[in-house]
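Note sheet for the following structure.
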Amino acid sequence: MADLRIYNVVILGLGFLFIFTAFTTCGNIEQTIVKSLDNDTFTGSGYHSLGIIYGIFSFSNLLAPTVVAIIGPQFTMFFSGILYSGYVAVFITPSTWSFYFTSVLIGIGAAMLWTAQGHFLVENSDASTINRNTGMFWALLQCSMLFGNLYIYFDWNGRMEISDRSRKTIFIGLLVTSVLGTLSFLALRKTLPPEEEMLNEEEGQPLLSSRMMYKQRANSAVQDAKSEFKTILQLLKTKTILLLSCCMAYSGLELSFYSGVYGTCIGATTEFGAAAKGLIGISGIVLGIGEIVGGGVFGLVCKNNRFRRTSVVFLGMVVHFVAFYLIYLNIPDDAPVVLKTSTLNKPYLTPSISIALLCSFLLGLGDSCFNTQLYSILGRVYAEQSAPAFAIFKFIQSIFAAVAFFYSGYLLLTWQLLIMVILGFTGTLCFFMVERIQNFSVDLQQEY
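Throughout the sequence shown, residue numbering follows my numbering, covering 1305 to 1752 in sequence.
Spelled out as structure tokens, the structure:
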């Protein structure tokens, strides 16, 4: 049984590695791809597409647990993988209606995929193996930022324009990768508890008919969904969630910036010349390294408890603010909004590739600071209501990511950075207040 569970976790991680190699690479380059299309009938925007995905994802999270409970995590993930593959396939022969239609579908699919992933990981873990299994899964997932972006670097390095042939080759490769990840979910094996495997020994048939089992499962799922929704509404009124919502909102803004906007800015910088397009791939790789380093280091910090969560969040704020300042000096102000493939404005410094890649690393490192500590404090404060608390986190984060993607194509870089600085500073202060409140509550309990 233990070997089967490890097998399932590895296959789960590999499935997500393949699917998100395709999707993460797609998100990193899609605005650049859209701007390079030699197609007068296509009027879509990569920023708007990503905004739709995160907006739909935020609301779909409320219904996803019911779907997973009814059809099971394995087939939910398989179905979601098909939706992800469909989104990637659109870029082979792009059209505006299919581009936005699949954006809606993938937003729904993302909510179901991540809900099913959490459900399946818990099914294949116990108290002694959950940390190991989570670590294995996230290690495989984070590698998805490396491989696709590495190909982009080698294929685009030295190109001033992205040809139709190059675009089709890239997205056919990404489509195959996504399909492989989707098919891998079919290799997962069930590890049901004994009470759910009761068979009639004489007939070899389930004691309950399939129709009755699905009906009971659906009724139970609906009741659980109603109960969880009520809990979410109650938690939204609490002081802790209201304060943390600022930090959650900031995590959404910076998520949109590093995952879709910054790579586009690098690719549009005229001063980088023929290296600009290839740098999008290298930037994604360095950003992924920052995420991996931060996740590993701050995971150990939290385990050893030598540093408070506030110290890590403060470090994340400082790291991000340094990155924002360097980006402000190094990248042209019109980089996110320029309609052509290169910028017209001049930055304060002569754009440096080294500084641009350093900022990529700092963005990934700072993101891991905020996310690891938000997960940590929510897990501590809401240990008995973890599912609704994390649902609120993903909801707020996704809503603000969607809003940021929609304004990213219209606001100059300076204003986007200023918005993140203001909300990042406010979110950090609010996090400090929550930590202080929690420590004060613990001290009171110890006294009495």
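A virtual CB, placed ideally from N, CA and C, is assigned to each residue, including glycine.
Residue i, enclosing alpha helix (DSSP H) - first and last residue
| i | result |
| --- | --- |
| Pro1655 | Pro1655 -> no alpha helix (DSSP H), and no H or E assigned at all. |
| Asn1343 | Asn1343 -> no alpha helix (DSSP H), and no H or E assigned at all. |
| Phe1561 | Element bounds for Phe1561: n/a, residue is neither H nor E. |
| Tyr1686 | Careful: Tyr1686 lies outside any alpha helix (DSSP H) and carries neither H nor E. |
| Asn1461 | No alpha helix (DSSP H) contains Asn1461, which DSSP labels as neither H nor E. |
| Ile1410 | Thr1400 to Glu1427 |
| Val1626 | Arg1613 to Asn1634 |
| Leu1354 | Gly1350 to Ser1364 |
| Ile1396 | Counting along the chain, Ile1396 falls outside any alpha helix (DSSP H), and DSSP gives it neither H nor E. |
| Pro1369 | Ala1368 to Ile1375 |
| Leu1484 | Asp1468 to Ser1488 |
Cβ distance (whole Å) where residue i is taken to contact residue j below 8 Å
| i | j | result |
| --- | --- | --- |
| Ile1703 | Gly1556 | 7 Å |
| Ile1759 | Cys1663 | Outside the displayed span of the chain (1305 to 1752) sits residue 1759, for which this structure offers no information. |
| Tyr1388 | Phe1458 | With a Cβ gap of about 24 Å, Tyr1388 and Phe1458 do not count as contacting. |
| Arg1613 | Ser1680 | 6 Å |
| Ser1587 | Ile1570 | 5 Å |
| Thr1542 | Pro1636 | Not a contact, Cβ separation roughly 44 Å. |
| Ile1474 | Ser1340 | Actually they do not touch by this definition, with Cβ atoms about 12 Å apart. |
| Leu1472 | Ile1396 | Before going on, a small fix: residue 1472 reads as Lys here, not Leu. About 5 Å; that satisfies the 8 Å criterion. |
| Leu1444 | Leu1321 | 5 Å |
| Thr1486 | Phe1382 | 6 Å |
| Leu1547 | Met1737 | 6 Å |
| Gln1378 | Leu1479 | Contact doesn't hold; Cβ gap of about 22 Å is too wide. |
Neighbour-count burial assignment, residue i, 16 or more Cβ in a 10 Å radius
| i | result |
| --- | --- |
| Gly1567 | buried |
| Glu1688 | exposed |
| Arg1436 | exposed |
| Gly1577 | exposed |
| Gly1413 | buried |
| Tyr1562 | buried |
| Ser1432 | exposed |
| Ile1386 | exposed |
| Thr1345 | exposed |
| Tyr1629 | exposed |
| Gln1753 | This structure cannot speak to residue 1753, because the chain is shown only from 1305 to 1752. |
| Asn1743 | exposed |
| Thr1718 | exposed |
| Leu1733 | exposed |
| Lys1581 | buried |
| Tyr1714 | exposed |
| Leu1318 | buried |
| Glu1499 | With a pLDDT of only 45 at Glu1499, under 50, the local geometry of the prediction cannot be trusted, and the value read off the model is given with reservation. Under this definition Glu1499 is an exposed residue. |
| Gly1462 | exposed |
| Gly1683 | exposed |
| Met1464 | exposed |
| Gln1335 | buried |
| Ser1384 | buried |
| Gln1720 | buried |
Residues near residue i in its chain [Cβ-Cβ closer than 8 Å; skip 5 each side]
| i | result |
| --- | --- |
| Gly1348 | Val1338, Pro1398, Thr1400, Phe1403 and Tyr1404 |
| Val1623 | Leu1666, Leu1669, Gly1670 and Cys1673 |
| Phe1710 | Tyr1351, His1352 and Gly1355 |
| Gly1411 | Ile1356, Ile1357, Tyr1358, Gly1359, Ile1360, Phe1361 and Ser1364 |
| Ile1589 | Met1449, Leu1450, Asn1453, Leu1454 and Tyr1457 |
| Gln1446 | Gly1592, Glu1595, Ile1596 and Gly1599 |
| Val1626 | Leu1666 |
| Pro1655 | Thr1573, Glu1575, Phe1576, Asn1634, Ile1635 and Pro1636 |
| Glu1532 | Pro1369, Ala1691, Pro1692 and Ala1695 |
| Ser1488 | Ile1315, Leu1318, Gly1319 and Phe1322 |
| Gly1477 | Tyr1455 |
Own chain partners of residue i with C-beta closer than 6 Å, once the 5 adjacent residues on each side are dropped
| i | result |
| --- | --- |
| Ser1407 | Ser1353, Ile1356 and Ile1357 |
| Glu1506 | Bear in mind that a pLDDT of 44 at Glu1506, under 50, signals an unreliable position, so the number given afterwards is only what the model happens to contain. Answer for Glu1506: no residue qualifies. |
| Val1314 | none |
| Val1394 | Ser1402, Phe1403 and Thr1406 |
| Ala1708 | Leu1557 and Ser1560 |
| Met1552 | Phe1697, Ile1700 and Gln1701 |
| Val1483 | Ser1389 |
| Tyr1554 | Leu1727, Gly1728 and Gly1731 |
| Ile1723 | none |
| Leu1661 | Val1590 |
Contact set for residue i: own chain, Cβ-Cβ below 7 Å, skip 5 residues either direction
| i | result |
| --- | --- |
| Glu1751 | Low confidence applies here, because Glu1751 scores a pLDDT of 49, under 50, leaving its location unreliable; read the following figure in that light. Closer than 7 Å at Cβ, skipping near neighbours: no residue. |
| Ile1536 | Pro1692, Ala1695 and Ile1696 |
| Leu1648 | Asp1638 and Val1642 |
| Gly1331 | Leu1354, Ser1563 and Gly1564 |
| Val1371 | Thr1380 and Met1416 |
| Tyr1652 | Leu1633 |
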